[in-house]
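Data block below; observations after.
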Amino acid sequence: MLLNRDDWYDISRDLDWTLSYVDEEVAFPQCWTGKRAIPDEAWQAWDEPFRVSYRDYVRVQREKESGVKAVGDAMLRAGVYQKLDPAHVAAAHLHMGTTCMVEYMAVTMQSRFCRFAPTPRWRNLGVFGMLDETRHTQLDLRFSHDLLRFDPRFDWAQKAFHTNEWGVLAVKNFFDDIMLSSDCVEAALATSLTVEHGFTNIQFVALAADAMAAGDVNWSNLLSSIQTDEARHAQQGFPTLQVLMEHDPQRAQQAIDVAFWRSTRLFQTLTGPAMDYYTPLDQRKMSFKEFMLEWVVNHHERILADYGLSKPWYWDKFLHSLENGHHAMHLGLWFWRPTLFWKPNAGVSKAEREWLNEKYPTWEENWGGYWDQIIANINAGRMDLTLPETLPALCNVTQLPLGSAMSRHDLEPAVSVYEGRTYQFDSDISKWCFDLDPARYAGHMNVVDRFIAGQIQPMSLAGGLEWMGLTPDVMGDDAYGYRWAAEYAPAMAD
Amino acid sequence: MFCSVAEPLPEQFVAVAAEDELWDGEMASYEIDGSEVLLLRLDGEYRAYNGECPHQSTPLVEGELDGYTLTCRTHEWSFDARTGAGLNPAMARLRRHEVRLSDGCVWVSRSEERGIRS
Ligand code: FES
Ligand SMILES: [Fe+2]
Ligand SMILES: [Fe+2]
Numbered sequence: 008m009l010l011n012r013d014d015w016y017d018i019s020r021d022l023d024w025t026l027s028y029v030d031e032e033v034a035f036p037q038c039w040t041g042k043r044a045i046p047d048e049a050w051q052a053w054d055e056p057f058r059v060s061y062r063d064y065v066r067v068q069r070e071k072e073s074g075v076k077a078v079g080d081a082m083l084r085a086g087v088y089q090k091l092d093p094a095h096v097a098a099a100h101l102h103m104g105t106t107c108m109v110e111y112m113a114v115t116m117q118s119r120f121c122r123f124a125p126t127p128r129w130r131n132l133g134v135f136g137m138l139d140e141t142r143h144t145q146l147d148l149r150f151s152h153d154l155l156r157f158d159p160r161f162d163w164a165q166k167a168f169h170t171n172e173w174g175v176l177a178v179k180n181f182f183d184d185i186m187l188s189s190d191c192v193e194a195a196l197a198t199s200l201t202v203e204h205g206f207t208n209i210q211f212v213a214l215a216a217d218a219m220a221a222g223d224v225n226w227s228n229l230l231s232s233i234q235t236d237e238a239r240h241a242q243q244g245f246p247t248l249q250v251l252m253e254h255d256p257q258r259a260q261q262a263i264d265v266a267f268w269r270s271t272r273l274f275q276t277l278t279g280p281a282m283d284y285y286t287p288l289d290q291r292k293m294s295f296k297e298f299m300l301e302w303v304v305n306h307h308e309r310i311l312a313d314y315g316l317s318k319p320w321y322w323d324k325f326l327h328s329l330e331n332g333h334h335a336m337h338l339g340l341w342f343w344r345p346t347l348f349w350k351p352n353a354g355v356s357k358a359e360r361e362w363l364n365e366k367y368p369t370w371e372e373n374w375g376g377y378w379d380q381i382i383a384n385i386n387a388g389r390m391d392l393t394l395p396e397t398l399p400a401l402c403n404v405t406q407l408p409l410g411s412a413m414s415r416h417d418l419e420p421a422v423s424v425y426e427g428r429t430y431q432f433d434s435d436i437s438k439w440c441f442d443l444d445p446a447r448y449a450g451h452m453n454v455v456d457r458f459i460a461g462q463i464q465p466m467s468l469a470g471g472l473e474w475m476g477l478t479p480d481v482m483g484d485d486a487y488g489y490r491w492a493a494e495y496a497p498a499m500a501d
Numbered sequence: 019m020f021c022s023v024a025e026p027l028p029e030q031f032v033a034v035a036a037e038d039e040l041w042d043g044e045m046a047s048y049e050i051d052g053s054e055v056l057l058l059r060l061d062g063e064y065r066a067y068n069g070e071c072p073h074q075s076t077p078l079v080e081g082e083l084d085g086y087t088l089t090c091r092t093h094e095w096s097f098d099a100r101t102g103a104g105l106n107p108a109m110a111r112l113r114r115h116e117v118r119l120s121d122g123c124v125w126v127s128r129s130e131e132r133g134i135r136s
């Protein structure tokens, strides 16, 4: 007779070793568990009440898998990809290049939970997280492989993380930190709770809705299917936070506050432009800010309050950044388009601009002037003036351009000196992250540091592009070949 | 919808749907006094529960009703749709609202039932 799950589940997930050949510290080193001074007994309270058995897991995942495959195959046969709007397609290139390998990094993080988490219950759940992330990597690779014949940019699903493309390096830098190098406790707070529970909603729910509206059923469906796993394994963060609130609330507050800001900056780079500029106007659902407020800010505030944490000191600045940061990033991405492996849509036609001003009342005042100049240069045939000649200075924490975190009025430098070296930041929030734990970030050379140190040769934009692995077949250019600018041209008098 | 009451029901009951509005195995949600109530029809009988998932408040109507199992779409918490009892996790439970049929309509109590142990 088969036992009911409830009859064996607790025994199976509480199964643990009594170590006799090696010391606890050898089998479960502090540097990986992150237990620090939290007593062993405290971890017995770690509980995720939703029960996952291997049998149930396989059954549910198998259903999801056949669903994704069926839709993918049907869309491929129907030739849907070839009919998509070029501006939207860029969002898929950007996603695959910057996300596929992050899924793979997450396999390593979840494997660390399986092996080193401070309680067998958590180690048990880590197994499913690890399988989830393996699935996500494979799904992204298969999706990209299927579309490779239509666009070499899908090669970047695998290639991107083996290049030095600056945006990819910014993504990698963050996830190296909170996935690959963090102990279990910090990874659960920074990645599971902050990134997976909060921010992935933007990439996987909001963007999925936009993709569906844009007719990209295959990608939308893939994103939604991945999100069901994220939502489940992100839950590993909550019992961890619960334990920390009892024994080390200060560590929890700090890890979450740092991860929240760094995630904000990253999603302003990856998702903000995709939602507010690349998604064709009539297919936009919510603005990036609206979605952030509803899905990330509200949830985050509720979690902080429920668990007894405070709002980060920088909350007002964060809200100011929410109004601006992704517009600044978008302007920079478009201007430095040869440094991208996707074709960004400028997204500032008259109608689009009206939408931007409605969603962001300060948009015109902050960003309109820059775009007007770019438009005037395009219409005067001076394309050379719309292209960069050098690289922007970058932040030593986020790896993103200085001046891209707030409005154009907030350009005071944020600087720290540590062990004789000067570090620069995109905001005083990033500086605060650095100052909390300088040894963690110090020594790292960002792209511009390397450029100045002569590590990138020849020392020109062309040398930089080659170093970043950007080849002409994928190099970024305006998604619509600048046709959108024509409506601004002064009427021809003849 | 207008429902005149043949035999007057206590005041806390609100008519939410016509008696034939749902097919067997279907669910729908209605707002009563600003909160969402989930109505289900199983084996011809109606049941009503608080419409928000007890985990993190996802509207249950967006989930899936498969036989007698109601699964929330967000983290797959599942419930026995007949009783509201948690299947996974077992410690969870949906809060029930009393249902009455009268005058061709489904009437749902504004307040959750107290002391119901399923
Ligand atoms: S919100 Fe319903 S399962 Fe989490
Ligand atoms: Fe994932
Ligand atoms: Fe994940």
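In order, the protein sequences belong to chains A and B. If you number the first sequence the way this note's numbering does, the last residue is 501 and the count never jumps. If you number the second sequence the way this note's numbering does, the last residue is 136 and the count never jumps. The C-beta atom is built at its ideal place from N, Cα and C for all residues, glycine as well.
Beta-carbon of His115/B versus every beta-carbon of chain A: anything under 8 Å? Start at 1 with the first residue of the second sequence, and residue 115/B comes out as number 97. No, His115/B lies away from the interface with chain A (no Cβ there is under 8 Å from its Cβ).
For the stretch 87-106 of chain B, list every residue whose C-beta sits within 7 Å of some C-beta in chain A, in sequence order. Thr92, His93, Glu94, Trp95, Asn106
Can you check whether the CB of Val224/A is closer than 8 Å to the CB of Met336/A? Taking the first sequence and counting its residues from 1, the one referred to as residue 336/A is at position 329. Taking the first sequence and counting its residues from 1, the one referred to as residue 224/A is at position 217. No, the pair does not count as a contact, with Cβ atoms beyond the cut-off.
Whose C-alpha, out of Leu347/A, His416/A, Leu338/A, Lys366/A, is nearest the C-alpha of Leu381/A? Indexing the first sequence from 1 puts residue 381/A at position 374. Contrary to the premise, residue 381/A reads as Ile rather than Leu in this sequence. Nearest option by C-alpha distance: Leu338/A.
Between the Cα of Asn106/B and those of Arg132/B, Ser75/B, Thr89/B, Gly43/B, spot the shortest distance and give me the residue it belongs to. Numbered from 1 along the second sequence, position 88 holds the residue referred to as residue 106/B. Closest by alpha carbon: Thr89/B.
Closer than 7 Å: Glu80/B CB and nearest ligand 1 heavy atom: For the purposes of this step, residue 80/B is taken as the residue at position 62 of the second sequence. No, the beta carbon of Glu80/B sits no closer than 7 Å to any heavy atom of ligand 1.
Between Gln37/A and the rest of its own chain, which residues show a CB-CB distance below 8 Å, the 5 nearest in sequence each way excluded? Here residue 37/A corresponds to residue number 30 of the first sequence, with the count starting at 1. Cβ neighbours of Gln37/A beyond the five flanking positions: Arg43, Asp190.
Is His451/A near ligand 3 - that is, is its Cβ less than 7 Å away from at least one heavy atom of it? On the first sequence, position 444 is the one that residue 451/A refers to. Checking the Cβ of His451/A against ligand 3 gives no.
Going along the stretch 219-253 of chain A in order, which residues come within less than 8 Å of chain D, judged by CB to CB distance? Among the protein chains of the structure shown, namely A and B, there is no chain D.
Rounded to whole angstroms, what is the Cα-Cα separation between His240/A and Gly427/A? Stepping through the first sequence from its first residue, residue 240/A is reached at position 233. Stepping through the first sequence from its first residue, residue 427/A is reached at position 420. The straight-line gap from Cα to Cα measures roughly 42 Å.
Which same chain residues, not among the five before or five after Thr405/A, have their C-beta less than 6 Å away from its C-beta? As a first step, residue 405/A is located in the first sequence; it is residue number 398 there, counting from the start. These residues qualify, in order along the chain: Arg272, Asp433, Ser437.
If you drop the 5 nearest sequence neighbours on each side, which residues of the same chain put their C-beta closer than 6 Å to that of Gly354/A? To locate residue 354/A, count along the first sequence from 1; it is residue 347. Only Tyr284 meet the Cβ criterion.
Inter-stretch contact (C-beta, 8 Å, three-pair minimum) for the stretch 459-476 of chain A and the stretch 340-356 of chain A: Contact between the stretch 459-476 of chain A and the stretch 340-356 of chain A is present: three or more C-beta pairs spanning the two stretches fall below 8 Å.
When you check each C-beta in the stretch 55-85 of chain A against every C-beta of chain B, which residues fall closer than 9 Å? Glu55, Pro56, Phe57, Arg58, Val59, Asp63, Val67
Taking the C-alpha atoms as reference points, what is the distance between Ala99/A and Lys292/A? Locating residue 99/A in the first sequence gives position 92, counting from the first residue. Locating residue 292/A in the first sequence gives position 285, counting from the first residue. If you take the alpha carbons of Ala99/A and Lys292/A, they lie about 17 Å apart.
Who are the near neighbours of Leu148/A in its chain, counting only those whose CB is closer than 8 Å to its CB and skipping five residues on each side? Here residue 148/A corresponds to residue number 141 of the first sequence, with the count starting at 1. These residues qualify, in order along the chain: Cys107, Ala164, Gln165.
Quick one, what's near ligand 1 if you take every residue whose CB is closer than 5 Å to any heavy atom, in chain order? Cys71/B, His73/B, Gln74/B, Thr76/B, Cys90/B, Thr92/B, His93/B, Trp95/B
How big is the Cα-Cα spacing for Val75/A and Asp217/A? Walking along the first sequence from the start, residue 75/A turns up at place 68. Walking along the first sequence from the start, residue 217/A turns up at place 210. Going from the Cα of Val75/A to the Cα of Asp217/A covers about 18 Å.
Limits of the alpha helix (DSSP H) - the one that Ala446/A falls within: What you label residue 446/A is simply residue 439 of the first sequence in a count that begins at 1. Looking at the DSSP string, the run of the alpha helix (DSSP H) that includes Ala446/A is 445-448.
Mind checking which residues open and close the alpha helix (DSSP H) that includes Gln117/A? By one-based count along the first sequence, residue 117/A stands at place 110. Gln117/A -> alpha helix (DSSP H) spans 93-123.
Name, going along the chain, the residues of the stretch 8-39 of chain A whose beta-carbon falls closer than 7 Å to a beta-carbon of chain B. Asp13
Using a cut-off of 7 Å between C-beta atoms, extract the partners of Met45/B located in chain A. Looking up residue 45/B in the second sequence gives position 27. Here the premise fails: no neighbours, minimum Cβ distance about 20 Å.
Rounded C-alpha distance that separates Trp24/A from Ile18/A: Along the first sequence, read from residue 1 onward, the residue named residue 24/A stands at position 17. Along the first sequence, read from residue 1 onward, the residue named residue 18/A stands at position 11. For Trp24/A and Ile18/A, the distance between alpha carbons rounds to 13 Å.
Excluding the 5 residues flanking Lys357/A on each side, which residues of the same chain have their C-beta closer than 7 Å to its C-beta? As a first step, residue 357/A is located in the first sequence; it is residue number 350 there, counting from the start. Taken in chain order, the residues that qualify are Glu494.
Those residues which DSSP pairs with Thr369/A across a bridge: Position 362 of the first sequence, counted from the start, is the residue given in the question as residue 369/A. Per DSSP, none; premise fails for Thr369/A.
Considering Thr87/B, what are the terminal residues of the beta strand (DSSP E) in which it resides? The residue labelled residue 87/B in the question sits at position 69 within the second sequence. Residues 87-89.
Looking at Ile233/A and ligand 2, is the gap between the Cβ and the nearest heavy atom below 7 Å? As a first step, residue 233/A must be located in the first sequence, where it is residue number 226. At least one heavy atom of ligand 2 falls within 7 Å of the beta-carbon of Ile233/A.
When you measure from the CB of Glu140/A to every non-hydrogen atom of ligand 2, does any distance come out below 7 Å? The count along the first sequence starts at 1 and reaches residue 140/A at position 133. Checking the Cβ of Glu140/A against ligand 2 gives yes.
Name the chain A residues that come within less than 7 Å of Ala108/B, Cβ to Cβ? The residue given as residue 108/B occupies position 90 in the second sequence. Those within 7 Å of Ala108/B in chain A are Asp13.
Could you say if the stretch 478-491 of chain A and the stretch 175-194 of chain A meet the contact criterion of at least three C-beta pairs nearer than 8 Å? no
What's the call for Arg59/B, buried or exposed, on a 16-neighbour Cβ count within 10 Å? One-based indexing of the second sequence puts residue 59/B at position 41. Buried: at least 16 other Cβ atoms inside 10 Å.
For a test of the three-state rule: what should DSSP assign to Trp95/B, helix, strand or coil? For the purposes of this step, residue 95/B is identified with residue 77 of the second sequence, where counting begins at 1. Looking at Trp95/B - three-state DSSP - the assignment turns out to be coil, as it is neither helix nor strand.
Buried/exposed call for Lys90/A, threshold 16 Cβ in 10 Å: By one-based count along the first sequence, residue 90/A stands at place 83. When all chains shown are included, Lys90/A counts as exposed.
So what does Val55/B bridge to, in DSSP terms? Working through the second sequence from its first residue, we reach residue 55/B at position 37. In the DSSP output, where bridge partners are listed per residue, Val55/B has Tyr48/B, Asn68/B.
Based on the DSSP secondary-structure assignment, which residues constitute the bridge partners of Leu60/B? Here residue 60/B refers to the residue found at position 42 when the second sequence is read from its first residue. Paired residue(s): Glu63/B.
Closer than 7 Å to a non-hydrogen atom of ligand 3 - does that hold for the CB of Asp203/A? Numbered from its first residue, the first sequence carries residue 203/A at position 196. For the record, residue 203/A in the displayed sequence is Glu; it is not Asp. Yes, Cβ of Glu203/A sits closer than 7 Å to a heavy atom of ligand 3.
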